[in-house]
Amino acid sequence: EEKSNQELWDNRISNHMKSWYDIDNFKKGGSSLDEIQINEVGNVKGKHLLHLQCNIGIDTLSWAREGAIVTGVDFSPKAINIAKKLKEETKINAQFICSNIFDLKDKINKKFDIVYTSQGVLCWLKDLSKWASVINHFLKPNGIFYMMEIHPFINIFDYFAQEPRIINSYFNSEKPEYYKENEKFKGYEWTWSLSNIVNALIKENLTIKFLNEYDKIFGNTHSFMERIDKNWWYIPGLKIPLMFTLKAIKQEK
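Under this note's numbering, the first residue of the sequence shown is numbered 72, with each subsequent residue one higher.
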């Protein structure tokens, strides 16, 4: 499953760069971060930040522009190579590591003030308990974990329908969803409910500071969505949760 997903993402990277990121604007000094993220995370100047599942590192490097000392991690060799090239082109100080996050404890021997992850990451993970354990392991006492993610409620809808139509269960199933992107590449995705996510963090003794829900989302995940502006999408006529943000703290013992 992991190997299939890694190959899938290696194949996706080129199209993902064009459709998801404004690379030219970033190279000119722009940021991929939204005001929501910047305001909710808070001041990062001089703080050590670990970005899990960083893809091509745009968010990682954007946090560096905000003053953080950054490390980005992703399991796609192609994504990490692009991240390193962007780092060199923009002359931003950052470290990038190609690794499955579950193997990261053997590759990084330091703790961080902030662990960050964002935008379409949890569906690629088959074990949220291990995920939360990784977060806890790398946080310093009083360190914070922050995420911005697709709200799991949206997964109940048919992705390809021209209007909202419920076809899926909201709740997690033990087996991942299998799909073929094309004849060569296939993928596996897992469904996690909001309680799955929150409880995994609580079991690692992380204290939830807030959980915020939004009726807009950072990408066009379903055919029936419409664009609000350059960065945001919504479902016309429906005020339902499409995205959430969460901040947790590792309380000092």
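We put the CB at the ideal spot given by N, CA and C, even for glycine.
**Asked** Around the Cβ of L282, are there at least 16 other Cβ atoms within 10 angstroms (buried) or fewer (exposed)?
**Response** In the sequence shown, the residue the question calls residue 282 occupies position 211. Answer is exposed; the Cβ neighbour count stays below 16.
Give a yes or no on contact between the segment 261-277 and the segment 185-192, applying the rule of three or more CB pairs nearer than 8 Å. no
Handout entry: Inter-residue spacing [alpha-carbon to alpha-carbon] between K98 and I153
Key = For the purposes of this step, residue 98 is taken as residue 27 along the sequence shown, with counting starting at 1. For the purposes of this step, residue 153 is taken as residue 82 along the sequence shown, with counting starting at 1. Straight-line Cα distance between these residues: approximately 13 Å.
| Length of the line joining the Cα atoms of A232 and D93 | Here residue 232 corresponds to residue number 161 of the sequence shown, with the count starting at 1. Here residue 93 corresponds to residue number 22 of the sequence shown, with the count starting at 1. Distance between the alpha carbons of A232 and D93: 28 Å.
Self-check item: Where T262 sits in the DSSP three-state scheme
Solution: On the sequence shown, residue 262 is found 191 positions in, with the first residue counted as 1. Three-state result, T262: coil.
- prompt: At which residues does the alpha helix (DSSP H) containing K98 begin and terminate?
  reply: Start at 1 with the first residue of the sequence shown, and residue 98 comes out as number 27. I94 to K98 is the span of the alpha helix (DSSP H), which, as asked, contains K98.
Review point. Rounded to whole angstroms, how far is the Cβ of E284 from the Cβ of P312, which I believe are closer than 8 Å?
Key: Taking the sequence shown and counting its residues from 1, one reaches residue 284 at position 213. Taking the sequence shown and counting its residues from 1, one reaches residue 312 at position 241. Rounded, the Cβ-Cβ distance is 4 Å, consistent with contact.
**Item:** Residue interval of the beta strand (DSSP E) (run including H208)
**Value:** Numbered from 1 along the sequence shown, position 137 holds the residue referred to as residue 208. Premise fails: H208 lies in the alpha helix (DSSP H), L199 to F209, not in any beta strand (DSSP E).
Handout entry: Straight-line Cα distance separating F295 from S133
Key = Residue mapping note: residue 133 aligns to position 62 of the sequence shown, counting from 1. Residue mapping note: residue 295 aligns to position 224 of the sequence shown, counting from 1. Their backbone Cα atoms lie some 31 Å apart in a straight line.
**Study point:** Rounded separation between I22 and N207 - CA only
**Key:** Because residue 22 is not part of the residues shown, which for the chain are 72 to 324, the question remains open.
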